[in-house]
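The structure under discussion appears below in the form of structure tokens.
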Amino acid sequence: EGMVGASDERFLVLYGRVSGHGQKDDLETQLECLQAWARTERKGQETLVLSDIGSGLKASRRHLQRLLKLVCEDKVAEVAITYEDRLTRFGQEFLETLFSCFGVRLTVLEPGEEKTPQQELTDDLLALIASFSGRLYGMRSHKQKELLQCAQAVLTSP
Numbered sequence: 003e004g005m006v007g008a009s010d011e012r013f014l015v016l017y018g019r020v021s022g023h024g025q026k027d028d029l030e031t032q033l034e035c036l037q038a039w040a041r042t043e044r045k046g047q048e049t050l051v052l053s054d055i056g057s058g059l060k061a062s063r064r065h066l067q068r069l070l071k072l073v074c075e076d077k078v079a080e081v082a083i084t085y086e087d088r089l090t091r092f093g094q095e096f097l098e099t100l101f102s103c104f105g106v107r108l109t110v111l112e113p114g115e116e117k118t119p120q121q122e123l124t125d126d127l128l129a130l131i132a133s134f135s136g137r138l139y140g141m142r143s144h145k146q147k148e149l150l151q152c153a154q155a156v157l158t159s160p
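Read in order, the letters of the sequence shown are residues 3 to 160 in the numbering used here.
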């Protein structure tokens, strides 16, 4: 986390998130991508970099909570993320509504491809299974990996 630039105006927040400590390299890649984008597309904009390591299903992530507080204090002009699910796995619409109420623009650098309702449902179910099986069996357990593979096979079979 850190501030870059100097201004009395509302600032740009670059937010990155990964699910576990084993993905720290991916988090660094996200933050580097966001910072490179900000240097070229938002040159001179005061910037705050925030990141979390934790499930996208948990709203209690420290820096997500900090971001929401800053938005409600009208200190944020724009939030930039690499992928749509970095802020949250579910309820993105609520965050977008909150941001809109405070005039905050949400920028997704890699919007991804359009998904069918079936693909969205499959992704949502797999995210839920991963989260709950991780809590039940432990994030690195063999049982959790087997459960995810089985669920993916069932959900993606014709």
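Yeah, the Cβ is synthetic: ideal placement off N, Cα and C, and Gly gets one too.
Can you give the beta carbon distance from residue 19 to residue 88, rounded, assuming they're within the 8 Å contact cut?
-> By 1-based counting over the sequence shown, the position of residue 19 is 17. By 1-based counting over the sequence shown, the position of residue 88 is 86. Indeed, because the Cβ distance is near 5 Å, the residues count as touching under 8 Å.
May I have the straight-line CA-CA distance separating residue 148 from residue 14, to the nearest angstrom?
-> Taking the first residue of the sequence shown as position 1, residue 148 is located at position 146. Taking the first residue of the sequence shown as position 1, residue 14 is located at position 12. Looking at the two C-alpha atoms, the distance is approximately 41 Å.
Where residue 118 and residue 107 are concerned, what is the direct C-alpha to C-alpha distance, given to the nearest angstrom?
-> For this step, residue 118 is matched to residue 116 along the sequence shown. For this step, residue 107 is matched to residue 105 along the sequence shown. Going by the C-alpha atoms only, they are around 26 Å apart.
How many angstroms separate the CA atom of residue 120 from the CA atom of residue 112?
-> Taking the sequence shown and counting its residues from 1, one reaches residue 120 at position 118. Taking the sequence shown and counting its residues from 1, one reaches residue 112 at position 110. Spanning the two alpha carbons is a distance of roughly 21 Å.
Limits of the alpha helix (DSSP H) - the one that residue 31 falls within = Counting from one through the sequence shown, the residue named residue 31 turns up at place 29. Residue 31 -> alpha helix (DSSP H) spans 26–43.
Would DSSP call residue 102 helix, strand or coil?
-> For the purposes of this step, residue 102 is taken as residue 100 along the sequence shown, with counting starting at 1. Residue state, collapsed to three classes: helix.
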